[in-house]
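Student: Let me begin by handing over the structure; questions about it come next.
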Amino acid sequence: MQKFINNDFSDIRYFEDSVIVSDWIDLSKYRLMTDEEILKHETPKPTKFHTEWNGTEWIDIRTEEEQLQYKRSQYPTLTRYQFLRCLLENGYKSEAIETQILTIEDEFTRELTLLGFKEATNFVRTDDSILTMRYILGLSDEKVDEMWVSALKQ
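Taking our numbering, the leading residue of the sequence shown gets 402, the next gets one more, and so forth.
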């Protein structure tokens, strides 16, 4: 198979080996593709985040933290029941959590977190109130991720 690319990279043409290419395209406007160009062109990107080519494969250039943030943003929401049950199964009673929330010094943060905890019908992993509750309960992000995944199975 002969693979040609337009000099401005706008078009790629494939020809059987038996074809006389100059009968089909203007060779002053096309050139034979290199093996690396063929590999790059024919290797699918695993995800939309794989944007850089290193010569043999597409790579995801995001930092580990950026990848984790994206992963967490994709977690499904939890219903109130799933959220509260998960907390209870991990040893956190609602009353104790409310007591901890009430110790937050900043009034706005305290009220917003309390509102989120007491009134929300759905919980989003990346919501500020979840991040605040994680902090006041002394949980790591990894532990919250583990609990979230467990709650989704309820």
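Ideal placement from N, C-alpha and C gives every residue a C-beta, glycine not left out.
Please confirm whether any heavy atom of the ligand ATP lies closer than 6 Å to the CB of Trp-454.
Tutor: In the structure on display, the ligand ATP does not appear, and there are no ligands present to speak of.
Student: Using 8 Å for Cβ pairs, my map puts Arg-399 next to Ala-552. What's the rounded Cβ distance?
Tutor: Because the chain is modelled from 402 through 555, residue 399 falls outside the range shown and cannot be assessed.
Student: In angstroms, rounded to a whole number, what distance separates the CA positions of Gln-475 and Asp-546?
Tutor: Your numbering for residue 475 matches position 74 in the sequence shown. Your numbering for residue 546 matches position 145 in the sequence shown. So the alpha carbons of these two residues sit roughly 12 Å apart.
Student: Which runs of the alpha helix (DSSP H) at least 4 residues long sit entirely within the region 440-471? Give them in chain order.
Tutor: The region 440-471 contains no whole alpha helix (DSSP H) run of 4 or more residues.
Student: Could you say which of Arg-511, Lys-404, Ser-419 lies nearest to Ile-413 if we only look at CA atoms?
Tutor: The sequence position of residue 413 within the sequence shown is 12, counting from 1. Taking only the C-alpha atoms, the option nearest Ile-413 is Lys-404.
Student: Can Phe-518 and Phe-484 be called in contact, C-beta distance under 7 Å?
Tutor: Taking the first residue of the sequence shown as 1, we reach residue 518 at position 117. Taking the first residue of the sequence shown as 1, we reach residue 484 at position 83. Cβ distance not < 7 Å, so Phe-518 and Phe-484 don't count as in contact.
Student: Looking at the structure shown, is Lys-544 part of a helix, part of a strand, or coil, going by DSSP?
Tutor: Position 143 of the sequence shown, counting from 1, holds the residue named residue 544. The answer is helix: DSSP assigns Lys-544 an H, G or I state.
Student: Quick check on the DSSP output: the beta strand (DSSP E) that includes Lys-404 runs from which residue to which?
Tutor: To locate residue 404, count along the sequence shown from 1; it is residue 3. From DSSP, the beta strand (DSSP E) with Lys-404 extends over 403-407.
Student: How many Å lie between Ile-531 and Ser-541 at the Cα?
Tutor: Within the sequence shown, the letter at position 130 stands for residue 531. Within the sequence shown, the letter at position 140 stands for residue 541. Going by the C-alpha atoms only, they are around 12 Å apart.
Student: Using the rule of at least 16 other Cβ atoms within 10 Å of the residue's Cβ for burial, across every protein chain shown, is Ile-502 buried or exposed?
Tutor: Counted from its first residue, the sequence shown places residue 502 at position 101. Per the 10 Å Cβ criterion, buried.
Student: According to DSSP, is Ile-413 part of a helix, a strand, or is it coil?
Tutor: Taking the first residue of the sequence shown as position 1, residue 413 is located at position 12. Ile-413 falls in the strand class under three-state DSSP.
Student: Kindly indicate which three-state DSSP category Ile-433 falls into: helix, strand or coil?
Tutor: If you number the sequence shown from 1, residue 433 lands on position 32. One point to set straight first is that residue 433 is Leu, not Ile, in the sequence displayed. It is a strand residue.
Student: By Cβ distance, which residues of its chain are closer than 6 Å to Ser-411, with the 5 residues on each side in sequence left out?
Tutor: Here residue 411 refers to the residue found at position 10 when the sequence shown is read from its first residue. Excluding sequence neighbours, Ser-411 sits near nothing in its chain.
Student: Go ahead and pull the three-state DSSP assignment for Thr-533.
Tutor: As a working mapping, residue 533 is identified with position 132 in the sequence shown. DSSP places Thr-533 in helix when its eight states are reduced to three.
Student: Taking the alpha carbon of Phe-450 as the point to measure from, which residue in Asp-529, Glu-437, Glu-467, Glu-438 has its own alpha carbon closest?
Tutor: For the purposes of this step, residue 450 is taken as the residue at position 49 of the sequence shown. Measuring from the Cα of Phe-450, the nearest candidate turns out to be Glu-467.
Student: Can you list, in chain order, the residues of its chain whose CB lies under 6 Å from that of Lys-441, leaving out five sequence neighbours each side?
Tutor: As a position in the sequence shown, residue 441 is number 40, starting the count at 1. These residues qualify, in order along the chain: Trp-454.
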